[in-house]
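First the structure, in the form of structure tokens, and then the observations on it.
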Amino acid sequence: MSDKFLEIQAVTKIYRTGGLLASTKLTAVDQVTLALDKGKAQILSIVGESGSGKTTLARMVLRLILPTSGEIVVDGIRASGTLTRAQVKEFRRKVQPIFQNPFESFSARKTVDTYLFETARNVWGAKNKQEAHAAVDQALVNVGLSAERVIGRYPNQFSGGELQRVSVARAIIPHPELLVADEPVSMIDASLRMNVVNLFKKLRDEFNINILYITHDLSTAYYVSDLIAIMYRGNIVEYGPATTVLTQPAHPYTELLLDSVAKIGEKWSELVRMPDMETKEYGYVGCKFAGRCPYVRDICRQVKPPLVKTEDGREVLCFKLTDYQVP
Amino acid sequence: MRLIKPRLVIGIIIVGIFLVMGLIMPLFAPEDPTAWNTYFRNMPPSGEHYMGTNNLGQDIFWLLTWSIRNSLWIGLSVAGLATLIGVIVGLLSGFVGGFTDRFLTLVMDTVIAVPSLPILILMSSLLGGQTSLVIIAGVLVFFNWPWPGRQARAMSLSLREREFINVAQASGEGTLKIVIVEILPFVLGWALANFINTILVAISAESGLAIIGLSSLKDATLGTMIYWAMQHQALLLEKWLWILSPIFSIMLLFIGLFLVSTGWSDYFATRRGRQ
Amino acid sequence: MIRIKNVSLFYDTVQGTVKAVEDVSFELYDGEIVGVAGESGCGKSTLMKGIYGNIERPMYLAHGSIELEVEDEQDGRREVIPNSEFHRYWWKHLSYIPQASMSVMNPVVRIKDQFLDSYSLQEVRNYGKKVLIDAMAAYLQELELPADVLNAYPHQLSGGMRQRVIVALATFVQPKFVIADEPTTALDVVVQRGILTMLRSLQKKAGNTFVMVSHDMGVHYQITDRMVIMYAGKVVEIARTDVIFARPLHPYTEMLIRSLPRLGDNAERAGITGRPPSLLNPPRGCRFADRCYLADARCSQVQPELLELEPGHFVACLKREPGSAMITLEEMGVA
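Chains as they are written, first to last, in my numbering: chain A, 803 to 1129; chain B, 99 to 373; chain C, 8 to 342.
Shown next, in the form of structure tokens:
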């Protein structure tokens, strides 16, 4: 039995666009390997910009997309393969999603509580109305909402922050062990964001729920994560403890990201080199960041960079750390 | 309330009149209006016979109400069944995708491609005088279900990509439940417009057959009424009420249904825009 | 300069009148970058449309006035233009970059043709197409954009590239006032930085005024000189940017800034509980009262006025008026 709760092994997703005669290949996720240990719950942030592959990766963990190659195993269940009905049920109990747009997460024609009760009955296994009600009430209390405020209302009667908390309540009804949150706060007003982000911390600490937190916002990632993986054009370029990665970045892209964040307290200096056309970058033979990297050398453009394990527990995909030699 | 436009109201009133004429009034008919020689022939309109009687000794007014009733019956049952089958098949096909979808789409496209009128004519001729309204209705359902089917499928295809479908699945909802509870509400408005259109199509198909003598001639429908009137030279003999009342009824009913259908689509679209 | 005096902009809807902006007054001076900050529903986009002079039903100017005062370069004459005439000066004195503008370009028209569209037929004939396009190409190169962008269709460019092209189009004629509504939302952080620094250097070179609307306080910190904070249709605070961040006086500004997580700082942060009031029926008193840590009974009854509490620092809060005790969140020790 593995001692890992979540294992993402060399997962790749390739999209083909175009017709029979001429098609282009887009490697949205390239040989990504990540793991979460069993035991104490952790929050792993996957940080990247648009086109980094983070959302594709999240959807593969949720079984909404199948990988082209590689395996995803959640607590013994092979999420990347075909499952029996019983296994699907088991999977749903253990892994729940939270999506970016709370208003899209619920049908505008139904009251939001229908989804809560469905989850209670189908996924958690409530045997009757009372049990279902109790489960729903408890979940709402845990996210800081009251049943009377929520039951019987339609999505447009909530603010973005509140509705997202209802999404979280729905997701925790079956007592899951992994929440996959795809940009959960990017569409919520800044002043309401922390209500949801603090909730994630609480879920980790009080309920021992692991959270895969997908975001492009470094500030909330820093605030809430234990581990952080930085993605660029399908690769994980840096991975390690959140504080280390974000205060002493090892990969040039992490440096660039940190520099470019519109921070309060530190003003920007000069202009920075703009990214090339996205499709071109996916097709680079060597390191995908070579076109923009201030530390680039010839070998970076020709050979795929190695995955270097550092002393402070990080993994970095870069030639800079091996003195530009192939290890 | 101010979104409801006049055309919808007028349409509803017209259709309402026909519903009353077709569903309520026939209950008061004194005798079976289709029976010949019940009354004196060719009597002018009077207090006893509101529209007079025809060559065959039938009371025109009551004959008309029965005709409306039967035509409405055909229209409503064909529309109801065709829309029901079409929507369910279309929604499932679009949602499930894969081989099932491709197969069902092939079936729908084939049925649409086959021209219904020649088949109906052929069938009626072969069955000779034994065509019944039920058989005609059945065939009309067969030819009409793919239209709402394709539309429902298109909506299902686009709706299944929405995020709340993923949330519904994560909540453990099964495929059938998702189709009925999540997707169907969005399709109902269109389904209603389709339903009303199919009433039109069914009534006109049956009337068309009747006028050329291929419907169930012993039953009273708007079409058969016209047929019998034509057979007995109603035009030449200037029996206007006999031949014109079913013709105007068809026209008026169609106008009413059309107004309701477009008026409803209008209202529905503006209402959705507000949400 | 643009003078906004007691402006109220309302929307006529089926459910009633939405008072999107109510009784707002301030001035926009020449040669500054002003940031308008606030969250969903605060009215900033509506106000920008109003300032630009693009007021169309169901939106209407319920009362107040917006005036543009320009000084003619040649003879120094000052001219005051009322809001209803602003449209004559679009692409001359005023230019507007709407929200999500990367998506508003005509997908079947090449960039260079869209650019030419902003000139009248007469002007195009006068100058000649080639002259205009060459001038545009030179300007694009100044902004470090590849000149062959002009021959492309919008969908061939990435979102960031499109946005930079739109900024170029909007600033090419060196208008006195450029209004940009959320110019970098939905863009990557690195691209965002590029566009914002581009805007800042353009402003420095031309000496005109940029009004930038954003809900992202970090963006305001980086490039604006002065900020206008809006909440539920009203202006609650105006001050220089560094003052806003160092010493916010309005409780909403305070609580908002405090709720933002900072890189490198793990302090506990809390969001503001509750939500803004409905603008169909706004409350009688201060609109922030039900979520405010300072509020008392009087706050819910009396509408606070925007007063200049320090030179250049305007605050609309009853508890901050001269004579009241000036306690801040920090002093209260409340997180």
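C-beta atoms are modelled at their ideal positions from N, C-alpha and C, and glycine is treated no differently.
- Around residue 1126/A, the same chain offers 1099, 1101, 1102 as residues with beta carbons nearer than 8 Å, after the five sequence neighbours per side are excluded.
- No Cβ-Cβ contact shorter than 8 Å links residue 238/C with residue 179/C.
- For a Cβ distance threshold of 9 Å, residue set 992, 993, 995, 996, 1021, 1066 of chain A lies close to residue 267/C, ordered along the chain.
- Under the DSSP assignment, residue 818/A falls outside any alpha helix (DSSP H), being part of the beta strand (DSSP E) whose first and last residues are 806 to 820.
- Minimum Cα-Cα distance from residue 286/C among the listed residues 19/C, 184/C, 8/C corresponds to 19/C.
- Straight-line measurement puts the Cα of residue 906/A at about 33 Å from the Cα of residue 1090/A.
- Segment contact: the stretch 337 to 347 of chain B against the stretch 1106 to 1119 of chain A, fewer than three CB-CB distances shorter than 8 Å; contact not assigned.
- Assignment of residue 319/B by DSSP, reduced to helix, strand and coil, places it in the coil class.
- Residue 360/B and residue 348/B have their C-alpha atoms roughly 18 Å apart.
- Annotated three-state conformation of residue 210/C is helix, per DSSP.
- Interface flag for residue 925/A against chain B is set, since a Cβ pair is found closer than 8 Å.
- Residue 234/C is outside the set of residues whose beta carbon lies under 8 Å from a beta carbon in chain A.
- A direct Cα-Cα distance of roughly 54 Å separates residue 250/C from residue 924/A.
- Judged by beta-carbon spacing, residue 187/C lies within the 8 Å limit of residue 219/C, meaning their Cβ atoms are closer than that value.
- Excluding five sequence positions before and after residue 971/A, the CB atoms of its chain that fall closer than 6 Å to its own CB belong to 941, 942, 945, given in chain order.
- Each of 843/A, 864/A, 1119/A was checked against the Cα of residue 984/A, and the nearest Cα belongs to 864/A.
- Counting other Cβ atoms within 10 Å of its Cβ, residue 1035/A reaches 16 or more and is therefore classed as buried.
- Counting only the Cα atoms, residue 919/A lies some 33 Å from residue 266/C.
- Shown here, residue 36/C sits in coil according to DSSP, grouped into three states, outside any helix or strand.
- In the structure shown, residue 875/A falls within a strand segment according to DSSP collapsed to helix, strand and coil.
- In this structure, the CA atom of residue 999/A is about 7 Å from the CA atom of residue 1022/A.
- Taken through DSSP and simplified to helix, strand or coil, residue 43/C comes out as strand.
- Distances from the alpha-carbon of residue 922/A to those of 895/A, 1056/A, 851/A put 895/A closest.
- The beta carbons of residue 355/B and residue 298/B sit about 5 Å from each other, so the pair counts as a contact at 8 Å.
- Among the residues facing chain A, residue 228/C is included, as its CB has a counterpart in that chain under 8 Å away.
- Closest option to residue 853/A, judged by alpha-carbon separation, among 55/C, 264/C, 193/C: 193/C.
- Counting along the chain, residue 1046/A sits inside no beta strand (DSSP E); it lies in the alpha helix (DSSP H) bounded by residues 1044 to 1049.
- The alpha helix (DSSP H) runs lying completely inside the stretch 266 to 315 of chain B and spanning 4 residues or more are 282 to 309, given in chain order.
- With a beta-carbon spacing of about 4 Å, residue 1044/A and residue 1027/A fall inside the 8 Å limit used to define contacts.
- For residue 255/C, DSSP assigns no beta-bridge partner whatsoever.
- Within its own chain, the residues whose Cβ lies closer than 7 Å to the Cβ of residue 166/B, once the five positions on either side in sequence are excluded, are 116, 119, 120, 320, 347, listed in chain order.
- Listed in chain order, the alpha helix (DSSP H) runs fully inside the stretch 132 to 158 of chain B amount to none, counting runs of at least 4 residues.
- For residue 97/C, the secondary structure class from DSSP, reduced to helix, strand or coil, is strand.
- Taking 9 Å as the cut-off between beta carbons, the residues of the stretch 253 to 266 of chain B near chain A are 260, 261, 262, 263, 264, 265, 266, in sequence order.
- Shown here, residue 8/C sits in coil according to DSSP, grouped into three states, outside any helix or strand.
- The three-state secondary structure of residue 233/C, taken from DSSP, is strand.
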